[in-house]
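In our numbering, the protein residues as written are 766 to 1180.
Working notes, structure below.
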Ligand code: SF4
Ligand code: SF4
């Protein structure tokens, strides 16, 4: 592991109040400082080979990186956590519980397609609604079902053209960008991709969609399976090596963090840029009319803490909405953390309950976020609470504001 980096913690405790698991459990071992001490004990072999107890506290860490943002000493907690999990994966045990099948499904387009078909079939015959209501399944599984969007028959890239021309109202073409379509985003959140493409085109950009791009391996990296993550990253690089574009646009905070953390790049050298950052800098045609609904924003951890992207989503939401309402603890994790919401379901639900209380305190009609895991988790929490709040990606909110304009709807054939 990383002895030098571990020594940077001065044990001040300033990170404790930002840690969701410490806020719920109130125990030192479930705080960032406690976990860093456990990592050091593992590194120094102070536990004499029996790391089981220490790993239980590390397993329950969300990897949300809130502690990293609040640390005055610049401790690279995320890097240390991934290194520890990599050590654990190689030396102690590989994956636990449902981690192995879930990560296998996510890594494979075929398995993910089958899972999506199963979820779609449940939705079509409305069996999902029954399963959500009846307490036959554990609450974390019912919660996942409740949060799912309406699953489309095909992934977005299977039904959309691979090249879209710019469609700016002033007729100006400002460049060409490629979209990193991903795995879950492509299979389940095609509506976010569609909104992303429309907003980019309206602002003067040609958009190219890669054929056969899949997972970036973010969830595999978080679980310590760096070998699988490396293979997936290399596969993605090969796809984008073939595409000439000014930038690669990404609309999933978790994937964006993974690509930044792994210093991923393709042969063309096109930079990877989050859609919020790109649009905040390139909003050539802001919406003419802003939405009137009450809306709040919940910051995805891997956008806010992981990539330091804090202002841009709010700038876009300000351009799209009149009624922005800041909710308490909007920068605290929602408990999704990839597959954590299933593998650590009990803790995830406790964190989600607190999050939904905070969101509902401002009585929004819409909630904006920018990551598929958060999108699903937050929608689940709101639906299970009986709250009529629509969860949308920031770029979907921008698209909805544009849709108030007849010429935008006509251009993109929206009825
Ligand atoms: S990453 Fe999040 S859950 Fe883990 S120690 Fe840091 S603040 Fe706590
Ligand atoms: S991680 Fe940073 S904030 Fe937390 S105890 Fe260590 S030095 Fe202090």
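All C-beta atoms, glycine included, are put in the ideal place defined by N, C-alpha and C.
Checklist entry - My guess is that residue 930 and residue 971 are in contact by the Cβ rule of under 8 angstroms, so how many angstroms apart are they, rounded? => result Locating residue 930 in the chain shown gives position 165, where the first residue counts as 1. Locating residue 971 in the chain shown gives position 206, where the first residue counts as 1. With a Cβ gap of about 6 angstroms, residue 930 and residue 971 count as contacting.
Next on the checklist: Less than 6 angstroms separating the Cβ of residue 828 from some heavy atom of ligand 1?
Outcome noted: Looking up residue 828 in the chain shown gives position 63. Yes, the Cβ of residue 828 comes within 6 angstroms of a heavy atom of ligand 1.
Checklist entry - With 16 other CB atoms within 10 Å as the buried threshold, where does residue 707 fall? => result Outside the modelled stretch of the chain, which goes from 766 to 1180, sits residue 707, for which no answer is possible.
Checklist entry - Excluding five sequence neighbours on each side, which residues of the same chain lie with their C-beta closer than 7 angstroms to the C-beta of residue 825? => result Locating residue 825 in the chain shown gives position 60, counting from the first residue. Taken in chain order, the residues that qualify are 786, 795, 1109, 1112.
Item to check | DSSP state of residue 954 mapped onto helix, strand, coil | outcome: Within the chain shown, numbered from 1, the residue matching residue 954 stands at position 189. Shown here, residue 954 sits in coil according to DSSP, grouped into three states, outside any helix or strand.
Checklist entry - Taking DSSP as the reference, what is the three-state secondary structure of residue 1034? => result Position 269 of the chain shown holds residue 1034. Note: residue 1034 maps to coil in three-state DSSP.
Item to check | residue 899: first and last residue of the uninterrupted alpha helix (DSSP H) it sits in | outcome: Here residue 899 corresponds to residue number 134 of the chain shown, with the count starting at 1. Counting along the chain, residue 899 sits inside no alpha helix (DSSP H), nor does DSSP assign it H or E at all.
Checklist entry - Looking at residue 834 and ligand 1, is the gap between the Cβ and the nearest heavy atom below 6 angstroms? => result Position 69 of the chain shown, counted from the start, is the residue given in the question as residue 834. Checking every heavy atom of ligand 1 against the Cβ of residue 834, none is found closer than 6 angstroms.
Item to check | Straight-line Cα distance separating residue 1071 from residue 1137 | outcome: Taking the chain shown and counting its residues from 1, one reaches residue 1137 at position 372. Taking the chain shown and counting its residues from 1, one reaches residue 1071 at position 306. Distance between the alpha carbons of residue 1137 and residue 1071: 16 angstroms.
Item to check | Beta-carbon proximity list for residue 1069, same chain, < 7 angstroms, skipping 5 on both sides | outcome: Working through the chain shown from its first residue, we reach residue 1069 at position 304. Excluding the 5 residues flanking it on each side, residue 1069 has same chain C-beta neighbours closer than 7 angstroms at 1075, 1096, in chain order.
Checklist entry - Taking Cβ positions, are residue 1082 and residue 1133 nearer each other than 7 angstroms? => result Here residue 1082 corresponds to residue number 317 of the chain shown, with the count starting at 1. Here residue 1133 corresponds to residue number 368 of the chain shown, with the count starting at 1. Cβ distance < 7 angstroms, so residue 1082 and residue 1133 count as in contact.
Checklist entry - How far does the beta strand (DSSP E) with residue 1013 in it reach, from first residue to last? => result Counted from its first residue, the chain shown places residue 1013 at position 248. DSSP places residue 1013 inside the beta strand (DSSP E), whose first and last residues are 1012-1015.
Item to check | Identified DSSP bridge partners for residue 972 | outcome: Here residue 972 corresponds to residue number 207 of the chain shown, with the count starting at 1. Answer is 929, 942, bridged to residue 972.
Checklist entry - Considering only residues of the same chain and omitting the five flanking positions on each side of residue 718, which have a CB-CB separation below 6 angstroms? => result The structure shown does not extend to residue 718, since the chain is modelled only from 766 through 1180, so no value can be given for it.
Next on the checklist: Applying the 10 Å Cβ sphere with the 16-neighbour rule, what's the burial state of residue 902?
Outcome noted: The residue labelled residue 902 in the question sits at position 137 within the chain shown. Around the beta carbon of residue 902, a 10 Å sphere encloses fewer than 16 other beta carbons of the protein chains shown; the residue is thus reported as exposed.
Item to check | Span of the alpha helix (DSSP H), counted from its first residue to its last, around residue 818 | outcome: Taking the first residue of the chain shown as position 1, residue 818 is located at position 53. 817-824 is the span of the alpha helix (DSSP H), which, as asked, contains residue 818.
Checklist entry - Leaving out five residues before and five after residue 933 in sequence, what residues of the same chain have Cβ atoms less than 8 angstroms from its Cβ? => result One-based indexing of the chain shown puts residue 933 at position 168. Around residue 933: 939, 966, 967, 968, 969, 1049, 1050.
Item to check | Pair within 7 angstroms by beta-carbon distance, residue 1121 and residue 1150 | outcome: Start at 1 with the first residue of the chain shown, and residue 1121 comes out as number 356. Start at 1 with the first residue of the chain shown, and residue 1150 comes out as number 385. Going by C-beta atoms, residue 1121 is nearer than 7 angstroms to residue 1150.
Next on the checklist: Whether or not the region 847-856 and the region 981-994 are in contact is what I'm after, with contact meaning three or more pairs of Cβ atoms, one per stretch, closer than 8 angstroms; do they touch?
Outcome noted: The region 981-994 vs the region 847-856: in contact.
Checklist entry - Considering residue 1155, what are the terminal residues of the beta strand (DSSP E) in which it resides? => result Sequence index remark: in the chain shown, residue 1155 carries index 390 (1-based). Its beta strand (DSSP E) spans residues 1155-1158.
Next on the checklist: Less than 6 angstroms separating the Cβ of residue 786 from some heavy atom of ligand 1?
Outcome noted: Locating residue 786 in the chain shown gives position 21, where the first residue counts as 1. Within the cutoff, so yes.
Checklist entry - Around the Cβ of residue 831, are there at least 16 other Cβ atoms within 10 angstroms (buried) or fewer (exposed)? => result Translated into the one-based positions of the chain shown, residue 831 becomes position 66. Its Cβ being crowded by 16 or more others within 10 Å, residue 831 is buried.
Item to check | Reference residue 1094, options 770, 769, 788, 776, closest by Cα | outcome: As a working mapping, residue 1094 is identified with position 329 in the chain shown. Nearest of 770, 769, 788, 776 to residue 1094, Cα basis: 788.
Next on the checklist: Strictly under 7 angstroms for the Cβ-Cβ distance: is residue 885 near chain B by that measure?
Outcome noted: The question asks about chain B, but that chain is absent: this structure has only one protein chain.
Item to check | Straight-line Cα distance separating residue 1169 from residue 1179 | outcome: Reading the chain shown from its first residue, position 414 is the one you call residue 1179. Reading the chain shown from its first residue, position 404 is the one you call residue 1169. Those two C-alpha atoms are separated by around 11 angstroms.
Item to check | The alpha helix (DSSP H) enclosing residue 1047, as first and last residue numbers | outcome: For the purposes of this step, residue 1047 is taken as the residue at position 282 of the chain shown. Here residue 1047 belongs to no alpha helix (DSSP H), and DSSP marks it neither H nor E.
Item to check | When 1012, 975, 1020 are compared against residue 994, the one with the closest alpha-carbon | outcome: Here residue 994 refers to the residue found at position 229 when the chain shown is read from its first residue. Minimum Cα distance to residue 994 is reached at 1020.
Checklist entry - Span of the alpha helix (DSSP H) holding residue 1000? => result As a first step, residue 1000 must be located in the chain shown, where it is residue number 235. It spans 991-1006 - the alpha helix (DSSP H) in which residue 1000 sits, taken as one unbroken run.
Checklist entry - residue 897 to residue 908, Cα distance in whole Å? => result Locating residue 897 in the chain shown gives position 132, counting from the first residue. Locating residue 908 in the chain shown gives position 143, counting from the first residue. Whole-angstrom Cα-Cα distance: 7 angstroms.
Checklist entry - Within the present structure, is the beta-carbon of residue 1064 separated from the nearest heavy atom of ligand 1 by less than 6 angstroms? => result Stepping through the chain shown from its first residue, residue 1064 is reached at position 299. Residue 1064: no, Cβ never under 6 angstroms from ligand 1.
Item to check | residue 843 CB to nearest heavy atom of ligand 2 below 6 angstroms | outcome: Translated into positions along the chain shown, residue 843 becomes position 78. Checking every heavy atom of ligand 2 against the Cβ of residue 843, none is found closer than 6 angstroms.
Next on the checklist: On the DSSP letters alone, give me the boundaries of the beta strand (DSSP E) that residue 1088 sits inside.
Outcome noted: Here residue 1088 is taken as the residue at index 323 of the chain shown, counted from 1. 1086-1089 is the span of the beta strand (DSSP E), which, as asked, contains residue 1088.
Next on the checklist: Here's the rule: buried if 16 or more other CB atoms are within 10 angstroms of the residue's CB, otherwise exposed. What is residue 979?
Outcome noted: As a first step, residue 979 is located in the chain shown; it is residue number 214 there, counting from the start. By the neighbour-count criterion, in which a residue is buried when 16 or more other Cβ atoms sit within 10 angstroms of its Cβ, residue 979 is buried.
Checklist entry - Is there at least one non-hydrogen atom of ligand 1 closer than 6 angstroms to the beta-carbon of residue 831? => result Position 66 of the chain shown, counting from 1, holds the residue named residue 831. Taken from the Cβ of residue 831, at least one heavy atom of ligand 1 lies inside 6 angstroms.
Checklist entry - Beta carbon of residue 991: closer than 6 angstroms to some heavy atom of ligand 2? => result In the chain shown, the residue the question calls residue 991 occupies position 226. Proximity of the beta carbon of residue 991 to ligand 2 is not indicated: no heavy atom of the ligand is located closer than 6 angstroms.
Next on the checklist: Could you check whether residue 949 and residue 1010 sit closer than 7 angstroms to each other, using their CB atoms as the reference points?
Outcome noted: As a working note, residue 1010 is residue 245 in the chain shown. As a working note, residue 949 is residue 184 in the chain shown. No, they are not a contact pair.
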